[in-house]
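As given, the protein sequences belong to chains Z and V, one line each in that order. One rule links them: number in our numbering = place in the first sequence (from 1) + 427. One rule links them: number in our numbering = place in the second sequence (from 1) + 427.
Number of protein chains: 2
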Amino acid sequence: MLDSTSGASFSARLDAVAQETEELLDRLLAPSAQPDEISRPRRLLDAMRYGSLGGGKRLRPFLVVESAALFGVPRANALMAGAALECVHCYSLVHDDLPAMDNDDLRRGRPTAHKAFDDATAILAGDGLLTFAFDILSRPETHPDAEVRVRLVNLLARASGIGGMAGGQMLDLAAEGRFAPTAGQVMSEHDVATLQSMKTGALLRFACCAGPILGRASPDQAAALNRYGIGIGQAFQIADDLLDVEGDQAVVGKATGKDAAAGKATMVQILGVAGARARLQALVADAEKVLAPFGAAAATLISAAHFIADRRN
Amino acid sequence: MLDSTSGASFSARLDAVAQETEELLDRLLAPSAQPDEISRPRRLLDAMRYGSLGGGKRLRPFLVVESAALFGVPRANALMAGAALECVHCYSLVHDDLPAMDNDDLRRGRPTAHKAFDDATAILAGDGLLTFAFDILSRPETHPDAEVRVRLVNLLARASGIGGMAGGQMLDLAAEGRFAPTAGQVMSEHDVATLQSMKTGALLRFACCAGPILGRASPDQAAALNRYGIGIGQAFQIADDLLDVEGDQAVVGKATGKDAAAGKATMVQILGVAGARARLQALVADAEKVLAPFGAAAATLISAAHFIADRRN
């Protein structure tokens, strides 16, 4: 386990990236239009800012920054890639909260975007944030080498699309019995793992793979970060399932007990609470193992694995 | 005006690109997952296919192919860029048709995606198609040079996002008086031109700029195609406004008379029918002028300008 010193240091590093990401997104989403843009309609910009600023741990940008730091990538480049990834994450929250989807009124303790604005504006704000992610990634400020930028674009598109996050949300709606042919089907552990690796795992994995791409790491190094990313993605979702069962709504910042109410299979249901906790331990141990070749340089990423497994909100 | 021979040839060229685009999208949206994808959930894939296959003139891919042909770009590369652009166009139709947006039940004579599936699936299918566009553009099959691909990604993101199409849809909803501060405001010709240049103009302009990028054209050549693209975008929308006033719903394939019903300002309302027709003529004349340096090679693009101005659906 971590001692209190490294814990404090970890928390400070996480907060620093959160603040830098906030400042960067605030600047990128300024009212003045960029070259090639005719204007930035105010209502849409406000909704995109509402959906992406002022909240969240910024865990994904943090993982981009820390995975990039291993390979000596300038922090400004990593923060751009992290901001792009955060735009995708935030778009997914705005769309998932819509009445037609999960119908949530509360997100991070604030009204969801469609409550603060309206459904049409929230749909467009999500579309706008998703599109903006690829605008950011493709700019020279993200990396001077076009080959690096276009690899990031392709990997983020794959992680976000039908074979990743969007596909995972589709499976999640089906798991709630929303569509006739799937209603009442019992999900296997494999089914749940597939759903989770797509819905939440794909973006976390991208975060950890972005560093090696930005830093032109060796194939072995890239493979280690890829495996680390897959593992913490699994840990993140198991911790999320535990929070849904055991968490306090006031601390978690969103409604809890929803999975059971929706009749949805989770890893906790399949493995039991003790089994889920054992799985978390194994995933953290594996993260430590795959990062061992990086030595002390990977200490923060190892702390991140503990943080994700132990999180309370 | 065109003689019947070139008219027939134009129509054959347009149909050829439509068929090639259909075949390419059908292949790209196959059930088998791509590398790095875990799976392609069937319901989401079906909805993405429903929203993008089996209809449309494929005008945007056609403009990509023809603008690329001017610079000797291999047709396979242009078709990939065209397919990406068509994914963005189709996503925008799926989202714009949603009950929370324009609430349309009919599109190209078929039920809209949310009618054929459900609202949640249609939202995700739109998200999936938008994301897929950047997947396609960033693949080496689109162009061997990463610098070219990443320029296309950036230009498409700008054309599609808050400073382009999504922003234009926001202005369009506001023009219908959907939001209190804008309700009842009279739009100037400048306001209408801005809305239209963003909502529909930006993607048509991208189509014409894609060729020069794929073909590494000179700045003068790129500027000519950019101006051509802006002009045909304006012509497209004026023709659309005329169709909304004068068109036959059975031929147009969607509801007509909607602008007046929504109290929305159009170029036809501002310029009158005769004034709108005169503007169309001027735009076509300008298209002929800016393409004159390309000589006979630009004949099809000039036919396209006539086609857009004269279209009946």
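For each residue, glycine too, the CB sits at the ideal point set by N, CA and C. Everything numeric in this text was worked out from a predicted model, so none of it was measured.
Given F437(V), which residues of its chain have a CB within under 6 Å of its CB, disregarding the five upstream and five downstream residues?
Position 10 of the second sequence, counted from the start, is the residue given in the question as residue 437(V). So the list reads S730, once near-sequence residues are dropped.
Which residues, in order along the region 430-464 of chain Z, keep a beta-carbon less than 8 Å from a beta-carbon of chain V?
A460, Q461, D463, E464
Helix or strand or just coil, what does DSSP make of R487(Z)?
Here residue 487(Z) refers to the residue found at position 60 of the first sequence. Here R487(Z) sits in helix by DSSP.
In whole angstroms, what is the alpha-carbon distance linking Q696(V) and A650(V)?
Working through the second sequence from its first residue, we reach residue 696(V) at position 269. Working through the second sequence from its first residue, we reach residue 650(V) at position 223. When rounded, the distance between both Cα atoms is 31 Å.
Determine the direct distance from the alpha carbon of G722(Z) to that of T539(Z), and round the result to whole angstroms.
For the purposes of this step, residue 539(Z) is taken as residue 112 along the first sequence, with counting starting at 1. For the purposes of this step, residue 722(Z) is taken as residue 295 along the first sequence, with counting starting at 1. Roughly 42 Å separates the two Cα atoms.
Considering only their Cβ atoms, is the gap separating A510(Z) from I563(Z) smaller than 8 Å?
If you number the first sequence from 1, residue 563(Z) lands on position 136. If you number the first sequence from 1, residue 510(Z) lands on position 83. The criterion of a C-beta distance shorter than 8 Å is satisfied by I563(Z) and A510(Z).
How is the alpha helix (DSSP H) around H617(Z) delimited, first residue to last?
Counting from 1 along the first sequence, the entry for residue 617(Z) is found at position 190. Unbroken alpha helix (DSSP H) run through H617(Z): 616-623.
Between M428(Z) and chain V, is any beta-carbon pair separated by less than 8 Å?
Translated into the one-based positions of the first sequence, residue 428(Z) becomes position 1. Because the pLDDT of M428(Z) is 42, which lies under 50, any placement of that residue in the model is unreliable, and the number read from its coordinates should be weighed accordingly. The beta carbon of M428(Z) sits no closer than 8 Å to any beta carbon of chain V.
Using beta carbons (cut-off 8 Å, strictly below), is A573(Z) in contact with chain V?
Sequence index remark: in the first sequence, residue 573(Z) carries index 146 (1-based). A573(Z) counts as touching chain V.
Measuring CA to CA, which of C514(V), A503(V), L525(V) is closest to H570(V)?
Locating residue 570(V) in the second sequence gives position 143, counting from the first residue. Per the Cα distances, A503(V).
Check each candidate in Y477(V), L455(V), G499(V) and name the one with the smallest Cα separation from R643(V).
Taking the first residue of the second sequence as 1, we reach residue 643(V) at position 216. The shortest Cα separation from R643(V) among Y477(V), L455(V), G499(V) belongs to G499(V).
Taking the Cβ atom as the reference point for each residue, do L630(V) and R487(V) lie within a distance shorter than 8 Å?
Working through the second sequence from its first residue, we reach residue 630(V) at position 203. Working through the second sequence from its first residue, we reach residue 487(V) at position 60. In contact: L630(V) and R487(V) (Cβ atoms closer than 8 Å).
Can A666(V) and A547(Z) be called in contact, C-beta distance under 8 Å?
What you label residue 666(V) is simply residue 239 of the second sequence in a count that begins at 1. What you label residue 547(Z) is simply residue 120 of the first sequence in a count that begins at 1. The criterion of a C-beta distance shorter than 8 Å is not satisfied by A666(V) and A547(Z).
Any beta-carbon of chain Z closer than 8 Å to the one on G591(V)?
Counting from 1 along the second sequence, the entry for residue 591(V) is found at position 164. Chain Z, which has a Cβ nearer than 8 Å to the Cβ of G591(V), makes this yes.
Does any residue of chain C bring its CB to less than 8 Å from the CB of Q664(Z)?
Chain labels in this structure do not include chain C; the protein chains are Z and V.
In this structure, what does DSSP give as the bridge partners for P538(V)?
If you number the second sequence from 1, residue 538(V) lands on position 111. According to DSSP, P538(V) bridges with L533(V).
According to the Cβ coordinates, are G590(V) and Q661(Z) closer than 8 Å?
Mapped onto the second sequence, residue 590(V) falls at position 163. Mapped onto the first sequence, residue 661(Z) falls at position 234. No, they are not a contact pair.
Quick check: is the beta carbon of T621(Z) nearer than 8 Å to any beta carbon in chain V?
Against the first sequence, residue 621(Z) aligns to sequence position 194. Cβ-Cβ to chain V under 8 Å: yes for T621(Z).
Considering only residues of the same chain and omitting the five flanking positions on each side of K542(V), which have a CB-CB separation below 8 Å?
Reading the second sequence from its first residue, position 115 is the one you call residue 542(V). So the qualifying residues of the chain are D532.
Any beta-carbon of chain V closer than 8 Å to the one on I729(Z)?
Start at 1 with the first residue of the first sequence, and residue 729(Z) comes out as number 302. Not an interface residue.
One question on the structure: do L710(Z) and A736(Z) come within less than 8 Å of each other, judged by their Cβ atoms?
For the purposes of this step, residue 710(Z) is identified with residue 283 of the first sequence, where counting begins at 1. For the purposes of this step, residue 736(Z) is identified with residue 309 of the first sequence, where counting begins at 1. Yes, these two residues count as a Cβ contact at 8 Å.
With 7 Å as the C-beta to C-beta threshold (strictly closer), list the residues of the region 515-531 of chain Z near chain V in chain order.
H522, L525, A527, M528
Looking at the secondary structure, which residues open and close the alpha helix (DSSP H) in which Q708(Z) lies?
Along the first sequence, read from residue 1 onward, the residue named residue 708(Z) stands at position 281. Per DSSP, Q708(Z) belongs to the alpha helix (DSSP H) from 694-718.
Taking the alpha carbon of T448(V) as the reference point, which residue from R470(V), S466(V), M507(V) has its own alpha carbon closest?
In the second sequence, counting from the first residue as 1, residue 448(V) sits at position 21. Closest option to T448(V), Cα to Cα, is M507(V).
On the premise that V521(Z) lies in contact with G478(Z), defined as a C-beta separation below 8 Å, what is that separation, rounded to the nearest angstrom?
Position 51 of the first sequence, counted from the first residue, corresponds to residue 478(Z). Position 94 of the first sequence, counted from the first residue, corresponds to residue 521(Z). Correct: roughly 4 Å between the Cβ atoms.
Name the two residues that bound the continuous alpha helix (DSSP H) containing V580(Z).
On the first sequence, residue 580(Z) is found 153 positions in, with the first residue counted as 1. Counting along the chain, the alpha helix (DSSP H) containing V580(Z) begins and ends at 573-587.
May I have the straight-line CA-CA distance separating L598(Z) from H617(V), to the nearest angstrom?
Within the first sequence, the letter at position 171 stands for residue 598(Z). Within the second sequence, the letter at position 190 stands for residue 617(V). Distance between the alpha carbons of L598(Z) and H617(V): 45 Å.
Measure from the C-beta of F561(V) to each C-beta in chain Z and report whether the shortest distance is under 8 Å.
The sequence position of residue 561(V) within the second sequence is 134, counting from 1. F561(V) counts as touching chain Z.
Can you round the beta-carbon distance between D554(V) and L557(Z) to whole angstroms, since I take them to be within the 8 Å contact cut?
Locating residue 554(V) in the second sequence gives position 127, counting from the first residue. Locating residue 557(Z) in the first sequence gives position 130, counting from the first residue. With a Cβ gap of about 7 Å, D554(V) and L557(Z) count as contacting.
Could you work out which residue in L652(Z), G588(Z), D453(Z) is closest to Y518(V) when comparing CA atoms only?
For this step, residue 518(V) is matched to residue 91 along the second sequence. The shortest Cα separation from Y518(V) among L652(Z), G588(Z), D453(Z) belongs to G588(Z).
Please check if any C-beta of chain V sits within less than 8 Å of the C-beta of D554(Z).
Position 127 of the first sequence, counted from the first residue, corresponds to residue 554(Z). Cβ-Cβ to chain V under 8 Å: yes for D554(Z).
In this structure, does DSSP put M507(V) in helix, strand or coil?
Here residue 507(V) is taken as the residue at index 80 of the second sequence, counted from 1. Looking at M507(V) - three-state DSSP - the assignment turns out to be helix.
Relative to the C-alpha of K581(Z), which candidate in S615(Z), S565(Z), K626(Z), V672(Z) has its C-alpha closest?
Indexing the first sequence from 1 puts residue 581(Z) at position 154. The question names Lys, but residue 581(Z) in the sequence shown is Asn. Looking from the CA of N581(Z), the closest CA among S615(Z), S565(Z), K626(Z), V672(Z) belongs to S565(Z).
By the criterion of Cβ-Cβ separation under 8 Å, what are the contact partners of V672(Z) in chain V?
Stepping through the first sequence from its first residue, residue 672(Z) is reached at position 245. Per Cβ cutoff of 8 Å: no residues; V672(Z) is ~25 Å from chain V at best.
Within 10 angstroms of the Cβ of R485(Z), are there 16 or more other Cβ atoms? Answer buried if so, exposed if not.
By 1-based counting over the first sequence, the position of residue 485(Z) is 58. R485(Z) comes out buried.
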